[in-house]
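Quick note: the sequence shown uses this note's numbering, first residue 818, plus one each step.
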Amino acid sequence: MKTLKKVLSVALVLAMALSLVTLVGAANVSKYQDFTDADAIVNKEAVDTLVGLRVLDGLEDGSFGPEGYLTRAQAAAIIARMLLGRTVADSMVATTAPFADVPANHWAAKYIQYCASRGIINGMGDNTFVPNGEVTAAQFAKMLLVAAG
């Protein structure tokens with residue numbers, strides 16, 4: 818029960834951050850102030866927590882993108898990093914193409930494969946995943962609930 822409470826607490830923080838995040842790139846940040854668009858970030862504590870946990874990085878240009886949206890691939894990366902920790906999640910290797918539109922060399926294939934193998938995420942029903950498609954709040958909430966067990 819204690820573990821479930823921790824997971825749900827992190828899920829709530831993630832849900833708050835969902836409305837502000839475009840995430841997962843190459844920015845080297847350790848707190849929200851490091852983002853080039855830090856003034857536009859509303860939930861600074863939530864962002865600091867997720868950056869500190871190494872769940873979020875920001876975008877390749879050094880921004881956070883608080884007005885952006887979350888892609889399906891980014892959602893898989895967030896969940897895998899949240900459940901496994903950044904080091905383990907990033908060290909995974911996709912052994913096969915998890916979906917027809919996600920080749921094994923796609924940047925998020927390992928996260929997508931991990932989440933799909935555990936039933937956290939699903940494809941679109943035609944063996945596609947649409948990794949760059951936007952995630953709705955309802956879809957992300959479902960992913961978080963399944964991930965929480």
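Virtual Cβ for every residue (Gly too), placed ideally from N, Cα, C.
Remember, predicted model here, so these are calculated numbers, not experimental data.
Name, in chain order, the residues that DSSP records as bridge partners for residue i.
i       : result
Phe-916 : Val-919
Glu-951 : Thr-888
By a C-beta neighbour count over all protein chains shown, 10 Å radius and 16 as the cutoff for buried, is residue i buried or exposed?
i       : result
Met-899 : buried
Leu-962 : exposed
Val-872 : buried
Val-868 : buried
Met-960 : buried
With DSSP collapsed to three states, give me the class of residue i.
i       : result
Thr-888 : strand
Glu-973 : Outside the shown range of the chain, which is 818 to 966, sits residue 973, and nothing can be said about it.
Phe-957 : helix
Gly-966 : coil
Ile-938 : coil
Ala-894 : helix
Met-909 : coil
Leu-900 : helix
Val-872 : coil
Ala-933 : helix
Asp-851 : helix
Asp-878 : coil
Asp-943 : coil
Ala-925 : coil
Determine the closest residue to residue i out of the options, with distance taken between C-alpha atoms.
i       : options                               : result
Ala-933 : Ala-921, Ala-893, Ala-857 and Glu-884 : Ala-893
Ala-926 : Gly-902, Ala-890 and Pro-883          : Ala-890
Val-947 : Val-963, Pro-915 and Ala-954          : Pro-915
Asp-943 : Leu-962, Thr-953, Ala-964 and Val-919 : Val-919
Leu-870 : Gly-885, Ile-896 and Gly-940          : Ile-896
Gly-885 : Val-952, Thr-913 and Gly-902          : Val-952
Gly-966 : Asn-949, Thr-945 and Ile-937          : Ile-937
Quiz item: Taking one C-beta from the stretch 871 to 887 and one from the stretch 853 to 862 each time, how about it: are there three or more such pairs within less than 8 Å?
Solution: yes
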